[in-house]
Structures are given as C-alpha cells and as structure tokens.
Amino acid sequence: MRTNIVIDENLIKEALKLSGLKTKKEVVNLALKEFVENRKRKNLLELKGKIKFDVDYDYKKMRESK
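Just remember that the numbering used here sits 5 ahead of the position in the sequence shown, which is counted from 1.
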C-alpha cells in the first residue's frame, strides 16, 4: 500500500545507521514489524498469573507418545 507520511528525518537517519538497512522503506517496514511483535509479546505478559495449569499434566509422557 502506498502512503505518504512526514517522518522525522533525524530519526530515519539514525534508524538507517543503527539497522544497516539501505532504504527508508526497509526501515519503516522493520519498525512496524518490531512494533507489532512487541505488542503481541506485551499482550502475552498480561496473561501472567491468569492461566491455571493442570498439576497432573505430564509433558514427558506426551513426548514419548510421538
């Protein structure tokens, strides 16, 4: 999808330098990908302490059945 946006030029230059990427498009795509991955990870952390595990679950036995 083609989109025109105004981006802080200093931020782009720094991102290009840090990432080693060659184009602004690559930097923006990487930034969006990392943003999405980080948000998904954060959402998983919100589940901490909310999931009840079966104390009798035997993961070793499940491995043997394969």
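Cβ atoms here follow ideal geometry from the backbone N, Cα and C, with glycine treated the same way.
Inset, instruction - Decide yes or no for the touch test of the region 14-23 against the region 31-40: beta carbon pairs closer than 8 Å, at least 3 of them. - result: Between the region 14-23 and the region 31-40 there are three or more inter-stretch CB-CB distances shorter than 8 Å, so the stretches are counted as touching.
Legend entry - Extent of the continuous alpha helix (DSSP H) to which Val-41 belongs: 29-50
Inset, instruction - Could you check what DSSP says for Leu-26 in three-state terms: helix, strand or coil? - result: coil
Inset, instruction - Give me the Cα-Cα distance between Lys-86 and Lys-53, rounded to the nearest whole angstrom. - result: No statement about residue 86 is possible, as the shown extent of the chain runs from 6 to 71 and does not include it.
Inset, instruction - Look at the alpha carbon of Leu-49 and the alpha carbon of Tyr-62, and state the distance between them as a whole number of angstroms. - result: 22 Å
Inset, instruction - Express the C-alpha separation of Lys-47 and Lys-65 in angstroms, rounding to a whole number. - result: Near 29 Å, if we compare the C-alpha coordinates of Lys-47 and Lys-65.
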